[in-house]
Amino acid sequence: MTPRIQALNEKKLLGLHLTMSLADNKTRELWKAFMPRISEIANRLTTDLISMQVYKPTHFADFDPTNEFEKWATVEVASFDDVPAGMETFTLPGGLYAVFDYRGSSNDPRIFQYIFGTWLPNSEYVLDKRPHFELLGNKYKNNDPNSEEEIWIPIRQK
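At position 74 of the sequence shown the residue is numbered 74 (full-length UniProt numbering), and the sequence of numbers has no breaks.
In structure tokens, the structure reads:
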């Protein structure tokens with residue numbers, strides 16, 4: 001699977017986040033809290049959902065399934081005016097990304113094993129220290145083998 005390399009402009013995101021690890025995954029809990037409130041967000045730019053991970057700089061160098069990170073359930077907004085009570089803002093910095101068009105279950109870790117274990121080490125890029133995210137559009141179906149999403153991995157030239 002070959003990604004497209006894309007420069008991303010800064011994005012304004014609005015949503016909720018939780019601190020978790022792969023060993024103590026709270027993704028379901030996060031989205032269960034966010035989805036009923038999505039209609040409160042007045043200035044959405046698209047209907048897409050964004051599942052974002054904010055990792056510590058050493059997360060992958062010292063990888064351990066108990067390493068904690070922030071997981072966000074968000075949407076892109078035009079501005080941070082009118083933030084619903086209890087929701088949070090996040091400015092996603094722009095930069096270069098490897099974008100993988102993925103089809104399959106979101107519970108299958110093989111795509112990430114391929115990205116970090118095969119594609120990245122053999123590419124002309126290294127991981128950059130910016131958030132990672134998945135763009136969940138209208139073809140996304142949670143845990144369905146026919147689900148489609150875009151996986152955005154922050155990169156920079158070696």
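Yeah, the Cβ is synthetic: ideal placement off N, Cα and C, and Gly gets one too. Only a predicted model underlies this, so the values are computations on that prediction, with no experimental measurement involved.
Asked: Bridge-paired residues (DSSP) for Phe34; Found: BP columns for Phe34 are empty, so no partner.
Asked: Presumed contact (8 Å Cβ cut-off) between Glu149 and Tyr102, rounded CB distance; Found: 6 Å
Asked: Residue environment, Arg156, which counts as buried when at least 16 other CB atoms sit within 10 Å; Found: exposed
Asked: Minimum C-alpha distance to Thr58 - residue among Met52, Phe69 and Ile50; Found: Phe69
Asked: Buried versus exposed, by CB contacts within 10 Å (16 or more), Ser79; Found: exposed
Asked: Under the three-state DSSP convention, the category Glu29 falls into; Found: helix
Asked: Chain-order list of residues whose beta-carbon lies under 7 Å from that of Pro84 (same chain, five-residue window excluded); Found: Arg37, Glu40 and Ile41
Asked: Thr74 and Leu49 closer than 9 Å at C-beta; Found: yes
Asked: Proximity winner among Pro145, Asp64 and Lys32, relative to Asp24 (alpha-carbon distances); Found: Asp64
Asked: Identified DSSP bridge partners for Gly95; Found: Leu8
Asked: Terminal residues of the alpha helix (DSSP H) in which Ile41 lies; Found: Careful: Ile41 lies outside any alpha helix (DSSP H) and carries neither H nor E.
Asked: In DSSP terms, what Gly15 is bridged to; Found: Thr74 and Glu88
Asked: CA-to-CA distance, Glu29 to Thr118, given in whole angstroms; Found: 31 Å
Asked: Spatial neighbours of Leu120 in its chain, beta-carbon cut-off 7 Å, leaving aside the 5 residues before and after; Found: Leu127
Asked: Proximal residues to Gly137 (C-beta, below 6 Å), its chain only, five neighbours per side dropped; Found: Asp48
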